[in-house]
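The opening residue of the sequence shown carries number 10 in my numbering; numbering runs sequentially from there.
Even for Gly, the Cβ is constructed at its ideal location relative to N, Cα and C.
Have a look at the structure below, then the notes.
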Amino acid sequence: MSFSTLWDIRKRLWAINIALIITVLLLTGLFTHTRSLISELNEHHHKNDDFTGHVLQININLMQARLAEKNFQIHHDAKYIEEYKTSITQLQRQLANLKKDFVEQIDLQNVEQLESALESYRQLFMTIAHQQPGVLVASDPSIDDKNALLRQTIKSVDLCPLRGYCILCYTAVYTRLHNHH
Numbered sequence: 010m011s012f013s014t015l016w017d018i019r020k021r022l023w024a025i026n027i028a029l030i031i032t033v034l035l036l037t038g039l040f041t042h043t044r045s046l047i048s049e050l051n052e053h054h055h056k057n058d059d060f061t062g063h064v065l066q067i068n069i070n071l072m073q074a075r076l077a078e079k080n081f082q083i084h085h086d087a088k089y090i091e092e093y094k095t096s097i098t099q100l101q102r103q104l105a106n107l108k109k110d111f112v113e114q115i116d117l118q119n120v121e122q123l124e125s126a127l128e129s130y131r132q133l134f135m136t137i138a139h140q141q142p143g144v145l146v147a148s149d150p151s152i153d154d155k156n157a158l159l160r161q162t163i164k165s166v167d168l169c170p171l172r173g174y175c176i177l178c179y180t181a182v183y184t185r186l187h188n189h190h
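Given below as structure tokens:
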């Protein structure tokens, strides 16, 4: 082999070595750059995950605050409903007591008075409406003529609280006028 061939082979080997070194350096640079890109991407994803996590935490906190507010409102409404229920129960009790007192008061005080007044009015009206003029004249010696009888009837009618608007009063006056005219 000649010197020039060896020299050519050496040149080629040096060229191949240099090419290999350049290739290794390029591959190392590419690997390093890729690794830094992956690291940045991971860091970006991590920051994005942190941001998403913060957003999720804020949303969870908001939901918990709303839930607490609704629970408070429900508790507050339940408290007011319970107070209203208690108030209504007390009012019903008071109404029952008032009704009982009213019935007792009516029974004790007014019923006896009303019954006695109604009985006296009933007797008066029955006497006026159903007695014949002769019987009334015979039972009362002060009534001696028809005008006196009519005056006595009107005087009795004046005792009526309805003041002549009662059917018994009207009947009594009409009967007296009709029988004596």
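Alpha-carbon spacing of residue i relative to residue j, whole angstroms
i	j	result
GLN82	ILE90	12 Å
PHE111	GLN101	15 Å
VAL64	HIS54	15 Å
ASP86	THR98	18 Å
ILE67	LEU36	45 Å
SER96	ASN57	57 Å
ILE25	GLY38	19 Å
ASN80	ASN51	42 Å
ASN70	GLN103	48 Å
LEU145	LYS108	With a pLDDT of 44 at LEU145, under the threshold of 50, the predicted position of this residue should be treated as unreliable, and no value is reported.
PHE40	ILE31	14 Å
ASN106	HIS84	33 Å
TYR76	GLU92	Just to set this straight, residue 76 is Leu in the shown sequence, not Tyr. Their backbone Cα atoms lie some 24 Å apart in a straight line.
ASP59	LEU34	36 Å
SER48	ALA28	29 Å
ARG21	SER45	35 Å
GLU94	GLU78	A small fix is needed here, since residue 94 is Lys in this sequence, not Glu. Their Cα atoms are separated by approximately 24 Å.
SER13	THR43	43 Å
MET72	LYS88	24 Å
GLY62	TRP23	56 Å
Any non-hydrogen atom of the ligand MG within 7 Å of residue i CB
i	result
GLU91	For the ligand MG, the structure offers nothing, since it holds no ligand at all.
Quiz item: Along the chain, which unbroken stretches of the alpha helix (DSSP H) at least 4 residues long are found entirely within the segment 14-74?
Solution: Whole alpha helix (DSSP H) segments, 4+ residues: zero.
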